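Engineer: Be aware that the sequence shown starts at 88, since it is given in the working numbering, and climbs by one per residue.
Just so you know, even glycine gets a beta-carbon here, dropped at the ideal spot from N, CA and C.
If you're wondering where the values come from, they're calculated on a predicted model, not measured in any experiment.
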Amino acid sequence: MAAAGPALARPSRAARPKVVTMLGDSITAGLGLPAAAALPNQLHLALARLGVPNVVRAAGVSGDTTRGGLARVDFSVQTDTDLAIVALGGNDLLQGQDTAGTRANLDAIVRKLQARHIRVLIAGIAAPQAVGGAYARDFNAAFERVAKTHSVPLYPDLIDGVGRRADLKQPDGIHPNAQGVMVIAARLAPIVAKALTAGR
88 MAAAGPALAR
98 PSRAARPKVV
108 TMLGDSITAG
118 LGLPAAAALP
128 NQLHLALARL
138 GVPNVVRAAG
148 VSGDTTRGGL
158 ARVDFSVQTD
168 TDLAIVALGG
178 NDLLQGQDTA
188 GTRANLDAIV
198 RKLQARHIRV
208 LIAGIAAPQA
218 VGGAYARDFN
228 AAFERVAKTH
238 SVPLYPDLID
248 GVGRRADLKQ
258 PDGIHPNAQG
268 VMVIAARLAP
278 IVAKALTAGR
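1) Taking S113 as the reference, which of N264, A280, V218 and I209 has the closest Cα?
2) I'd like the list of long-range same chain contacts for L157, defined as Cβ closer than 6 Å, with 5 residues on each side in sequence excluded.
3) List the DSSP bridge partners of L110.
4) Would you kindly check if the distance between the Cβ of A125 and the Cβ of V268 is under 9 Å?
5) Name the two residues that bound the continuous beta strand (DSSP E) containing V207.
6) If we require 4 or more residues per run, which alpha helix (DSSP H) segments fall completely within the segment 175-258?
7) For D254 and G248, what's the separation of their Cα atoms in angstroms?
8) Can you tell me whether DSSP reads S99 as helix, strand or coil?
9) Can we say the segment 130-146 touches the segment 225-233, given the rule of at least three CB pairs closer than 8 Å?
10) Tell me which same chain residues have a C-beta within less than 8 Å of the C-beta of A91, skipping the five on either side of it?
Below is the structure:
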């Protein structure tokens, strides 16, 4: 009787890519940039370099505020999303909106997402002291309070590393250029990777 041959190895099941949705404004929408250079795609590439199979969906609307994000969160963030990055607040800041309203909107967005069992990461925008010390303090605290209330991770300043560098911005002096987006994605990716695996 012939010896049995080696058992055929079963093909390994590839891990399902994690789905990340970026609910945001013009920075997430990639204003002034081709899609390949915009933040969702660059975050996708940065996560891939960290060994995280992923899909990053753009759900950014230029000019959107936290109030606008709240109005569309249910249909902008699809049900198969593993992690929603809430990257709103920049336009609230530019418009000088009441910080209590910004906080309430962020709170409601997070509640809606958590009710759907979607993990959340809040990406804030750090207000410069030039807008007024008290306002800047209250604005920045809005992100901190919501993150603490709902026990979700906070990335305090989405444009960290870019905000004060003119060479990383488009001519408007506000939006990051392609190089600036790469800086943002590289800094954000490890935080996103950790949020995707926390508690598992």
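Structural biologist: Short version:
1) Looking up residue 113 in the sequence shown gives position 26. With distances taken between Cα atoms, S113 lies closest to N264.
2) Counted from its first residue, the sequence shown places residue 157 at position 70. For L157, where only same-chain residues beyond five positions count, the Cβ hits under 6 Å are N192, A195 and I196.
3) The count along the sequence shown starts at 1 and reaches residue 110 at position 23. Listed as beta-bridge partners of L110 by DSSP are A146 and V173.
4) For the purposes of this step, residue 268 is taken as residue 181 along the sequence shown, with counting starting at 1. For the purposes of this step, residue 125 is taken as residue 38 along the sequence shown, with counting starting at 1. The answer is yes: Cβ separation under 9 Å.
5) The residue given as residue 207 occupies position 120 in the sequence shown. Counting along the chain, the unbroken beta strand (DSSP E) around V207 starts and ends at R206 to A210.
6) 177-181, 186-202 and 220-237, all fully within the segment 175-258.
7) In the sequence shown, the residue the question calls residue 254 occupies position 167. In the sequence shown, the residue the question calls residue 248 occupies position 161. Here the alpha carbons of G248 and D254 stand approximately 11 Å from one another.
8) Translated into positions along the sequence shown, residue 99 becomes position 12. Its pLDDT being 42, under 50, S99 is placed unreliably by the model, and the measurement read from it follows with that caveat. In the structure shown, S99 sits in coil (DSSP, three-state: anything other than H, G, I, E or B).
9) Output reads no: the segment 225-233 does not touch the segment 130-146.
10) The residue you call residue 91 lines up with position 4 of the sequence shown. Because the pLDDT of A91 is 44, which lies under 50, any placement of that residue in the model is unreliable, and the question is left without a value.
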